[in-house]
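There are 2 protein chains.
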Amino acid sequence: MFQVNENYLKLPGSYLFSTIGKKVKAYSEANPDKTIIRLGIGDVTQPLAPAIIEAMHKAVDEMGRAETFHGYAPDLGYEFLRTTIAKQDYQDRGCHIEADEIFISDGAKSDCGNMQEVFAADSCIAVCDPVYPVYVDSNVMAGRTGEYDETTGTWSNVIYMPCTAENGFAPKLPEETPDLIYLCVPNNPTGTTLTRDQLKVWVDYANKVGAVILYDAAYEAYIAQEDVPHSIFEIEGARTCAIEFRSFSKNAGFTGVRLGFAVVPKDLKCGDVMVHSLWARRHGTKFNGAPYIIQKAAMAVYSQEGKAQIQEQVAYYMRNARVIYDGLKVAGYEVYGGVNAPYIWLKVPEGMTSWDFFDYLLEKAGVVGTPGSGFGPSGEGYFRLTAFGTYENTVAALERIRGL
Amino acid sequence: MFQVNENYLKLPGSYLFSTIGKKVKAYSEANPDKTIIRLGIGDVTQPLAPAIIEAMHKAVDEMGRAETFHGYAPDLGYEFLRTTIAKQDYQDRGCHIEADEIFISDGAKSDCGNMQEVFAADSCIAVCDPVYPVYVDSNVMAGRTGEYDETTGTWSNVIYMPCTAENGFAPKLPEETPDLIYLCVPNNPTGTTLTRDQLKVWVDYANKVGAVILYDAAYEAYIAQEDVPHSIFEIEGARTCAIEFRSFSKNAGFTGVRLGFAVVPKDLKCGDVMVHSLWARRHGTKFNGAPYIIQKAAMAVYSQEGKAQIQEQVAYYMRNARVIYDGLKVAGYEVYGGVNAPYIWLKVPEGMTSWDFFDYLLEKAGVVGTPGSGFGPSGEGYFRLTAFGTYENTVAALERIRGL
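Chains A and B, in that order, are what the protein sequence lines are.
According to our numbering, the first sequence holds residues 123 to 526 in order.
According to our numbering, the second sequence holds residues 123 to 526 in order.
Structure representation (structure tokens):
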């Protein structure tokens, strides 16, 4: 009789967004006259930029003619896109990354979830707390995380690195030595970042103990401050200890288009084995390339016209971030993030839990956010609002909050 | 110090298509005046049908306007597509499959490669020999296959089920009991199929021993004969023992567009655990939905207009298959497949290996095919030609072969 992967059964239900959904539904039904403003989910609302739309139409037409039809794409991505990324995102910033170290995929979520697979089954992982749930969950499925403690909401074999107001949301180097360290910078959910000097400490540490940093830079486009690096490969030594994940979801609105990439430098080795070779093999075996049309859309993101248009989009969301940040400050909240990231992280009023505040904000202001405890135990007492709504809704939401 | 997944290191190099590439390159350089006809790779050559192109343009336009923009798709696929598939591919054929048993993905290769993950690490797999390499390779990566024997080209913990002319390319029930049985019908590479009665034997066997059949039906659209089922769910009892993989690559030319789906019936259970729940959890954790534009393209495949257009495309390729089949017969070869599949499988002349015949065909006729031994040890002595070329090239190739 066949058996299932029992590690899957250890996963607690993913109640966060379903619980939010249920509470919002109940509120709507009880208050049919009230409009709800949703600043909970990290999904974009602005349409794709004109340069991207134009590139896609052109690519669709190519697919309709025999002479320009494209069948299977190269597993690792089209050369035209890999070269452009290597140049514009890395070489132009002084990072030594070659085109053949870029692996195009259907999104950073897939890459973040799948990358653990090329490492040993008994690898020890370290994560920031709070954190994007995919890092831990994908390792649970692979059997690396030990047992779940429902009381603390933690796994026995995971090193948690609390990121709270007390340490300025900068994780401390762990006492136990991890094999894999997940860092998300700018951070989801806290919206905070690490400076170049802070990140250098991590690169040096990883090289010293022989750990790999899995660096999720999905929100890189929102970085505004000079001393915050856009890539871990801006830091000397990163080529021997880091993998970087990038996404087109948030800089260019590709959440429903799906494209991302991983950067795996050839200098990242275990003995003689390049992690690069293993990831290439995984890509070749379990993936069949990203769509031609969508790789062409990504090329538009790097065009002069496209760059100008997506910068406007990022600016639009960052204006929202400022509205939220300033509005909360005026309303007397302790507020973090929102400067180099589209997420605003606030401390809930004394005596309330994250979920208490969720209920309070929904009932009193008709505004939906995300309780910080949903991202990990150290998220308790915090709350996330996102800048991805429309400007009008964002302004209205903050007016309501300030009026409480 | 971090360690890699050592199972990856056990994989032999994937020399098949790179060796073919090198040989073709060497021949071209030595014979610059000769034109080469490629009937080796299973990639389509006809452009996307007009109804699909139109649907994509429309969806691209929707993505460019705020009112019709689509962000994150549902992880498991849009309801409109799941409902259409359930009705047209299953319910209209009398199969009991519900929309929520359909999981939309970026292609059957991903699904075939990833599905093993929801089963126990010590599951025993059975595969047909010869076979599409992804089934075995993805299990090697997961550590299920034991050790590789270079002499025989087999893994110690894999049950191989030879499919040769001697048994009419129909695998025999294995003596050892497997947990997971991979069946690809119509078959890649042999182009052969199983009748309804033959498949019923497998379904009954799987239910009896408690095995799961992983049924790859990527070539379903090419089935011409009445007694060959289009889905394993046409067979009574399949809901408790089977998962089906489907692709839009070969029926609608989506090799470079990327879309497929897996059907996981809720009756497939290990104790109380539905495999359906585990696959849903995997999808939700390591995948972020297929692009809206491409799910809309798939909807066109099911429209009246689209159906007529893709039927023409399938007929086009099947005319090629007939040209190859008949041409080889006239030339005196033993030929199989090509009736319900776009692949033609031929026996190479006595005294030659598959690679000898590859060299012979390339040097004497300038035609590229795929040596059968590349698909597994029982493929030795056979050779694959594909019907996915243009009609003109296919006719020319067969004229050359007949002239040898």
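We treat Cβ as the ideally placed atom computed from N, Cα and C, and that holds for glycine.
How close, in whole Å, do the beta carbons of Leu390 of chain A and Arg368 of chain A come, if the pair is a contact with beta carbons under 8 Å?
With a Cβ gap of about 16 Å, Leu390 of chain A and Arg368 of chain A do not count as contacting.
Complete beta strand (DSSP E) runs within the stretch 487-515 of chain B (minimum length 3 residues, chain order):
504-508
Reduced DSSP category for Cys234 of chain B - H, G, I as helix; E, B as strand; rest coil
helix
Using a Cβ-Cβ cut-off of 8 Å, state whether Phe191 of chain B counts as contacting chain A.
yes
Leu161 of chain A - DSSP class collapsed to helix/strand/coil
coil
List the residues that DSSP assigns as beta-bridge partners of Glu366 of chain A.
A:Tyr337, A:Val385
What residue does the alpha helix (DSSP H) around Lys408 of chain A start on, and which one ends it?
397-408
Does the beta-carbon of Phe225 of chain A have 16 or more other beta-carbons within 10 angstroms, so that it is buried, or is it exposed?
Buried, since its Cβ has 16 or more Cβ neighbours within 10 Å.
I'd like to know whether the C-beta of Glu239 of chain B is nearer than 8 Å to at least one C-beta of chain A.
Closer than 8 Å to some Cβ of chain A, the Cβ of Glu239 of chain B qualifies, so yes.
Enclosing beta strand (DSSP E) for Pro284 of chain B [first to last residue]
280-284
What would DSSP say about Ser227 of chain B, mapped onto helix, strand or coil?
strand
With 8 Å set as the bound, which would you pick, yes or no: does the beta-carbon of Lys408 of chain B sit closer than that to a beta-carbon of chain A?
yes
Looking at the structure shown, is Ala374 of chain A part of a helix, part of a strand, or coil, going by DSSP?
coil
Just to confirm the assignment, what range does the alpha helix (DSSP H) spanning Gly459 of chain A have?
Following the DSSP letters along the chain, one finds Gly459 of chain A in no alpha helix (DSSP H) but inside the beta strand (DSSP E) bounded by residues 457-459.
By the DSSP assignment, the alpha helix (DSSP H) with Lys147 of chain B in it spans what residues?
137-152
Check the Cβ-Cβ distances between Arg403 of chain A and every residue of chain B, and say whether any is below 8 Å.
yes
I'd like to know whether the C-beta of Phe124 of chain B is nearer than 8 Å to at least one C-beta of chain A.
yes
Distance, Cα to Cα, Ala422 of chain A vs Trp277 of chain B?
46 Å
Cross-chain neighbours of Pro172 of chain B in chain A, by beta carbon under 9 Å
What Pro172 of chain B touches in chain A: Gly186.
For Thr516 of chain B and chain A, any beta-carbon pair shorter than 8 Å?
no
Work out the CA separation of Ile415 of chain A and Thr377 of chain B for me, nearest whole Å.
12 Å
Output, in chain order, the set of chain B residues within a Cβ distance shorter than 7 Å of Val307 of chain A.
Within chain B, no C-beta atom comes less than 7 Å from the C-beta of Val307 of chain A; the nearest is roughly 20 Å away.
Identify, in the order they occur along the chain, each residue of the same chain with its Cβ nearer than 7 Å to the Cβ of Gly491 of chain B, setting aside the five sequence neighbours on each side.
Leu161, Gly162, Phe480, Leu483, Phe505, Arg506, Leu507
Helix, strand or coil for Phe276 of chain B, going by three-state DSSP, please let me know.
Checking the sequence shown, residue 276 of chain B turns out to be Thr, not Phe. The answer is strand: DSSP assigns Thr276 of chain B an E or B state.
Assigned secondary structure, Lys209 of chain A (DSSP; H/G/I helix, E/B strand, else coil)
helix
Find the residues of chain B that neighbour Lys231 of chain A, judging by a C-beta separation of less than 9 Å, and give them in chain order.
Residues of chain B passing the Cβ test: Thr407, Lys408, Phe409, Asn410.
Would Gly531 of chain A pass as an interface residue toward chain B - the criterion being a Cβ-Cβ separation below 8 Å?
Look at the range of chain A in this structure, 123 to 526, and you will see that residue 531 of chain A is not part of it.
Can you confirm whether the stretch 185-204 of chain B touches the stretch 396-412 of chain B when touching is taken to mean that 3 or more C-beta pairs between the two stretches lie within less than 8 Å?
yes
Cβ closer than 8 Å: which chain A residues qualify as neighbours of Ser260 of chain B?
Thr407, Lys408
List the endpoints of the continuous beta strand (DSSP E) containing Val249 of chain A.
247-251
Taking Cβ-Cβ distances shorter than 8 Å, what residues in chain A pair up with Leu133 of chain B?
Per Cβ cutoff of 8 Å: Arg403.
is_contact[Asp228 of chain A, chain B] using C-beta, thresh 8 Å
yes
By Cβ distance, which residues of its chain are closer than 8 Å to Ile466 of chain B, with the 5 residues on each side in sequence left out?
Gly313, Ala443, Ile446, Tyr447, Leu450, Val457, Tyr458, Gly459, Gly460, Arg506, Leu507, Thr508, Ala509
Looking at the structure shown, is Ser241 of chain B part of a helix, part of a strand, or coil, going by DSSP?
One detail in the question is off: residue 241 of chain B reads as Phe in this sequence, not Ser. DSSP places Phe241 of chain B in strand when its eight states are reduced to three.
9 Å Cβ cut-off: residues of chain B touching Ala242 of chain A
Phe124, Gln125, Val126, Asn127, Glu128
Looking only at C-alpha atoms, which of B:Tyr341, B:Asn310, B:Ile303 sits nearest to Asp326 of chain B?
Selected option, being the one with the closest Cα: B:Ile303.
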